[in-house]
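As structure tokens, the structure follows; a few thoughts come after it.
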Amino acid sequence: MDPSLIDRATFTDLREAVGAEFVVELVDTFLEEAPGMLAQLRAALADSDADAYRRAAHSLKSNANAFGAHDLAGMAREIELGGIDADSADNLAALDALDTACAAAAAALKVMSRG
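Going left to right, the sequence shown walks through residues -14 to 100 as our numbering numbers them.
Below, the structure written as structure tokens:
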């Protein structure tokens, strides 16, 4: 787990705003929903559904920013703004990198929320 994946100031502000117990609930919800968002991105790419692709990337970006996972949010933002590329290999590579970043951020959030 790499704690630098999460901006401590953003995470601390969230914890102070909503309370430590609720942060655990929010993180748990993110941990449950993030794989679905990633699956939605892959399904939208397979279906060439640009709107669904952007919406799923936007949702992941927004959630990541709320927790201070700014690198993950930045990757999701690039996917959101870039849309579906004519070369789907580029999109698949971006989604693979996003999967990896999401797993790393999720592990960091799990530790931080309980620490």
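We treat Cβ as the ideally placed atom computed from N, Cα and C, and that holds for glycine. Remember, predicted model here, so these are calculated numbers, not experimental data.
Scanning ALA92, ALA31, ALA51 for the CA closest to the CA of ASP72 turns up ALA31. Pairing GLU63 with ARG99, the inter-Cα distance amounts to about 30 Å. Between ALA42 and ALA61, the C-beta spacing is below 8 Å.
Between LEU80 and the set LEU(-10), ARG39, PHE52, LEU94, the nearest pair of CA atoms involves ARG39. Residue MET22 holds the alpha-carbon nearest to the alpha-carbon of LEU83 among MET22, ALA35, SER33.
Each residue's CA atom was taken as its position, placing THR(-3) and VAL8 some 10 Å apart. In the three-state reduction of the DSSP assignment, ASP34 falls in the coil class, being assigned neither a helical nor a strand state.
Restricting attention to ALA92, ASP70, VAL3, ALA28, the CA atom closest to the CA of LEU57 is found in ALA92.
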